[in-house]
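Scroll down for the structure; my scribbles are underneath it.
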Amino acid sequence: MATKPFSPTEVQKIIQFLHKPAVFLNMTDDWPGREWTLEHLALCLGEKSVCFRIGKQTEEKAPLFETECTYVKATLAEFLCWTRGSSDSSVGPFTAYPLSEYWAYADYKYLALLFQDNTAMFKGVVWSDFGYPGRDGRESTLWIGTNGANTPCHLDSYGCNLVFQVQGRKRWHLFPPEDAECLYPTRIPYEESSVFSKVSVIKPDLCIFPAFRRARAHVVTLQPGQVLFVPRHWWHYVESIDPVTVSVNSWIEMEVDDEARVEEALTKTIVCALKTTPSLDNKDNWLNPTEEGIASHDENMQYLNLAVKACMDKISSYAESRPEFAGQSSAALKQDSLGHLKTTANNPVPSFSVSFGPHLIPVMCVADKTQKQTTANFKETSLSKDSAQVFSQNSAKPQATDTPGKEEGVRLSGGPAEDGRHSEKYSHISTNDVLDCLLHPDVITLVTQLMLDRRRELDSK
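Our numbering puts the first residue of the sequence shown at 345, with every later residue one more than the last.
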């Protein structure tokens with residue numbers, strides 16, 4: 345077995361105390377998954393078809409959500425032929441999509457389903473090296489894409505994320521949780537556990553989303569063999585920048601996910617209640633393709649009650665084991681910035697300083713780097729196998745036209761763009777606008793705390 349720069353115990357402690365993204369190097373050299381190129385996976389899966397999301401290469405100033413994409417089912421062999429420039433029958437359904445005009449993405453593919461007939465593949469990913477004993481491909485998802493394939497900017501409601509880059513490079517744009525106000529959160533399209541941003545990170549429309557200027561982008565290009573740590577609730581936009589990219593990730597559960605499940609159950613209840621109400625305003629494609637149908641209100645309320653019960657049981661269990669928390673509200677048991685339940689002065693968290701170096705590189709804030717380097721160029725950190733390299737690309741400075749004029753209207757959200765009222769001072773308020781306010785991450789967190797506190801009062805009688 346190859347010598348690792350960090351032991352599993354050391355990595356686990358680093359992850360526990362890291363509250364910003366970082367890249368681990370030289371941790372996967374002996375992983376069988378390093379051989380999982382597109383060619384290798386095409387041989388392993390044979391005639392098994394997977395679903396690809398297809399989007400058009402575009403310069404639009406709006407995110408391309410999954411509800412706006414085309415979907416085809418194809419084998420990886422057909423996809424491989426397409427990436428090599430073939431356009432005959434060997435590419436299957438990709439014949440309708442010229443490679444020069446479209447990108448394709450097989451995303452969110454659970455290895456447990458893909459390789460249920462070849463379980464030996466699960467051993468290709470060794471998350472136990474990161475301090476998670478027994479965790480492997482069974483708890484991982486596969487992502488295969490072409491140049492331009494992307495995931496719209498979003499945050500994941502549950503846990504933290506480890507991402508293993510296998511083939512090609514992906515560029516990650518990450519933003520801290522505190523930047524939510526700059527990213528214009530939305531739950532439309534609705535997908536459980538994903539809060540989307542209405543901003544196109546690469547080409548933002550600063551007239552409609554002026555606060556995005558203040559967003560603190562942390563940008564990194566992930567190279568093959570590297571593992572990116574994405575802390576809890578960090579926003580991220582991800583784009584493939586090579587002809588073929590392959591990556592594997594695993595979402596790591598955290599002890600505060602029980603409260604997040606209450607937030608998600610409450611969100612789903614509200615979204616479904618408002619969006620299923622007959623209205624001319626509700627004719628948009630609001631449900632993400634990843635969701636399996638629309639649950640009834642009774643089903644959503646049942647799930648909400650189950651989530652609340654599970655969360656209260658967890659809080660009670662924790663309070664019993666920690667007498668200093670007995671009788672306190674759920675707010676007192678709220679997680680700290682690391683996603684762990686808060687401690688007290690009597691039980692302080694041991695101090696630990698994360699040491700960065702050639703095997704652990706922090707993902708830097710673009711604004712910080714620009715100031716330090718005193719250059720007008722947009723800088724991006726791209727990590728080689730053993731050290732950090734810097735690549736530049738031109739930065740588009742906001743022009744005077746980026747600032748709305750006094751008479752220019754700002755449309756609030758996803759209402760009809762063709763209503764011809766962009767020049768009006770005020771825009772039509774849609775159901776989606778109402779949901780954007782009701783389900784803002786800060787609002788839904790507060791409502792969840794109020795609900796849990798009330799439940800605690802009732803249960804204590």
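Beta carbons are placed, not taken as given, at the ideal position from N, Cα and C, and that holds for glycine.
Going by CA-CA distance only, name the one from Glu422, Asp586, Gly436 that's closest to Ala493.
Ranking Glu422, Asp586, Gly436 by CA distance to the CA of Ala493 puts Asp586 first.
In this structure, does DSSP put Asn494 in helix, strand or coil?
strand
Simplified DSSP assignment, three categories, for Gly569:
Three-state DSSP puts Gly569 in coil, outside helix and strand.
Let me know the secondary structure DSSP gives Thr792 once reduced to three states.
helix
One or two residues paired with Asp586 in a DSSP bridge
As computed with DSSP, Asp586 is found in no beta bridge at all.
What residues match up with Ala406 in a beta bridge as DSSP calls it?
Per DSSP, none; premise fails for Ala406.
Which of the three DSSP states is assigned to Gly701 in this structure?
strand
Let me make sure I understand the geometry here. Which of Gly429, Val574, Ser771 has the alpha-carbon closest to that of Ala366?
Val574
Restricting to Cα atoms, I'd like to know which of Pro352, Asp432, Phe368 is closest to Ile705.
Phe368
Reduced DSSP category for Glu599 - H, G, I as helix; E, B as strand; rest coil:
coil
First and last residue of the beta strand (DSSP E) that includes Val707?
Careful: Val707 lies outside any beta strand (DSSP E) and carries neither H nor E.
Top-ranked residue by Cα proximity to Gln401, from Lys514, Tyr415, Glu445:
Glu445
Pull up the distance between the alpha-carbon of Val734 and that of Ala651, whole angstroms please.
At Val734, the pLDDT of 37 sits below 50, so the modelled position is not reliable and the matter cannot be decided from this model.
Excluding the five sequence neighbours on either side, which residues of its own chain have a C-beta within less than 7 Å of the C-beta of Leu362, listed in chain order?
Phe573, Pro575, Val698
Can you tell me whether DSSP reads Asp786 as helix, strand or coil?
Note: Asp786 maps to helix in three-state DSSP.
Buried or exposed (CB count within 10 angstroms, at least 16 for buried), Gly481
So Gly481 ends up on the buried side.
Among the candidates Asp786, Ala561, Pro437, whose CA atom is the shortest distance from the CA of Arg397?
The shortest C-alpha to C-alpha distance from Arg397 to any of Asp786, Ala561, Pro437 is the one to Pro437.
Is Thr613 near Leu648, with beta carbons less than 8 Å apart?
At the C-beta level, Thr613 and Leu648 come within 8 Å of one another.
Euclidean distance between Cα positions of Ala654 and Glu422:
45 Å
Should His577 be labelled buried (16 or more other beta-carbon atoms within 10 Å of its own) or exposed?
His577 comes out buried.
Gly420 by DSSP, collapsed to three states: which one?
Note that residue 420 is Leu in the sequence shown here, rather than Gly. DSSP places Leu420 in helix when its eight states are reduced to three.
Using the C-alpha atoms, what's the distance from Thr411 back to Asn632?
Roughly 6 Å separates the two Cα atoms.
Have a look at the DSSP bridge pairing and note the partners of His384.
Answer by DSSP bridge pairing: none, since His384 is not bridged.
Identify whether Glu445 lies in helix, strand or coil by the three-state DSSP scheme.
When DSSP states are grouped into helix, strand and coil, Glu445 belongs to the coil group.
Beta-carbon proximity list for Pro352, same chain, < 7 Å, skipping 5 on both sides:
Here the set comprises Ser472, Asp473, Phe474, Gly475.
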